[in-house]
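J.: Next up is a structure, given as structure tokens.
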Ligand code: SF4
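Residue numbers (our numbering): 49 to 155.
Put into structure tokens, the structure is as follows:
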């Protein structure tokens, strides 16, 4: 599990993060990214839920109730906002209270 997370993080950093971070740093006026739906194929592959309390505990026994997108290292939103971009899903918007199997607790 840990190696998969490491791989995904390396993939994210090498592929999508620089472009997203560069555009944000430059303050470019770009349209808001789309919100990630649970039915999105990538979301389904990651076990993504809009609400962490709806995660199937039997299917994902490593999930904990306090794991939410807002507490994930890959979440790029601001604390006061309900939605924020996630680097794992190409910058699509995820809710603060969401969750997926890639969750990496903020240090
Ligand atoms: S748990 Fe982390 S990686 Fe998964 S959707 Fe939320 S912010 Fe993205």
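Ideal Cβ positions, reconstructed from N, Cα and C, are used throughout, including at glycine.
For clarity, every value in this text was computed on a predicted model and none was experimentally measured.
1) Evaluate residue 105 with the Cβ neighbour count: other Cβ atoms within 10 Å of its Cβ, from every protein chain shown; 16 or more gives buried, anything less gives exposed.
2) With a cut-off of 8 Å on the beta carbons, I'd call residue 98 and residue 149 a contact; round off their distance for me.
3) According to DSSP, simplified to helix, strand and coil, what is residue 74?
4) Quick check on residue 117: does DSSP put it in helix, strand or coil?
5) By how many angstroms is the C-alpha of residue 145 removed from the C-alpha of residue 134?
T.: A quick look at the data gives this:
1) As a working mapping, residue 105 is identified with position 57 in the chain shown. Looking at its Cβ environment, which holds fewer than 16 other Cβ atoms inside 10 Å, residue 105 is exposed.
2) Position 50 of the chain shown, counted from the start, is the residue given in the question as residue 98. Position 101 of the chain shown, counted from the start, is the residue given in the question as residue 149. Rounded, the Cβ-Cβ distance is 15 Å, inconsistent with contact.
3) Along the chain shown, read from residue 1 onward, the residue named residue 74 stands at position 26. Its pLDDT being 49, under 50, residue 74 is placed unreliably by the model, and the measurement read from it follows with that caveat. It is helical.
4) Taking the chain shown and counting its residues from 1, one reaches residue 117 at position 69. Correct three-state label for residue 117: helix.
5) Here the question's residue 134 lines up with position 86 in the chain shown. Here the question's residue 145 lines up with position 97 in the chain shown. Computed Cα separation, rounded: 13 Å.
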